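Mapping of the sequence shown onto my numbering: position 52 corresponds to residue 52, and the numbering continues sequentially without gaps.
For reference, the structure discussed in these notes is given below.
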Amino acid sequence: MPRPRRHRHIRSSFDYDYWRPCATCLEDRGEVVMKMEEMESIRLKDHLGMDQREAADLMKVSQPTFHRILSEARRKIGYALVCGKALRIHGGTYEMAMTQARKFQCYDCQHAWEVPYGTGRPENCPDCGSVNIHRAEGDRGYTRAGSGRHDMQ
Ligand SMILES: [Zn+2]
């Protein structure tokens, strides 16, 4: 029986979710899908220069697991570079370790704002004072118990 897959902790979202070589702008050579945790492993180990133990701790995985994730990430990057593939950063099994804010939006004036976790739900819109407010779409995936779960696709 397979063990349930533990979620890897990720501390940053990335500025982009698609990377592609300019030379193939006119010619689609296909893409490689890189999981979020794989991108995170590259960020921690290769970009920030952390040692493996530190990086594994941050992602809440064992060192062998971290090594596997990192190896897979490097394999995909190598494949994309050598073969001119695009990289799509998408999916995986992870949760955002640090979601700093909840987003709310006002139904009346459409003002949108963020409220830090642990401060309770706001009573009304800071812009127009309306009580007609709701959690902004796109924020909800990170708010349930076991928050921010994204399954592999
Ligand atoms: Zn408002």
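Note that beta-carbon positions come from the ideal geometry of N, C-alpha and C, so glycine has one too.
Since the structure is predicted, the reported quantities are computational estimates derived from the model, not experimental observations.
CB-CB length for residue i against residue j, believed under 8 Å
i	j	result
S62	A56	6 Å
E37	R8	4 Å
R102	V82	Incorrect: roughly 43 Å between the Cβ atoms, too far for contact.
Inter-residue Cα distance where the pair is residue i and residue j
i	j	result
K85	N124	48 Å
T65	Y107	45 Å
Y79	I133	47 Å
D151	R68	The predicted position of D151 is uncertain, since its pLDDT is 46 and thus under 50; no value can be drawn from it.
As assigned by DSSP and simplified to three states, the class of residue i
i	result
H164	Here the chain covers residues 1 to 153 and nothing more, so residue 164 does not appear.
H47	helix
Y18	strand
E31	strand
Identity of the residues DSSP links to residue i by a beta bridge
i	result
R8	Y94
F104	W113, R135
M36	The partner list for M36 (beta bridge, DSSP) is empty, contrary to what the question assumes.
E54	Beta-bridge pairing links E54 to no other residue.
Interface flag, residue i vs chain C, CB-CB below 8 Å
i	result
E123	In the displayed structure, chain C is absent; only one protein chain is listed.
Just to be sure I understand the criterion: a residue counts if its Cβ is closer than 5 Å to at least one heavy atom of ligand 1. Which residues meet that?
C106, D108, C109, H111, C125, D127, C128, S130
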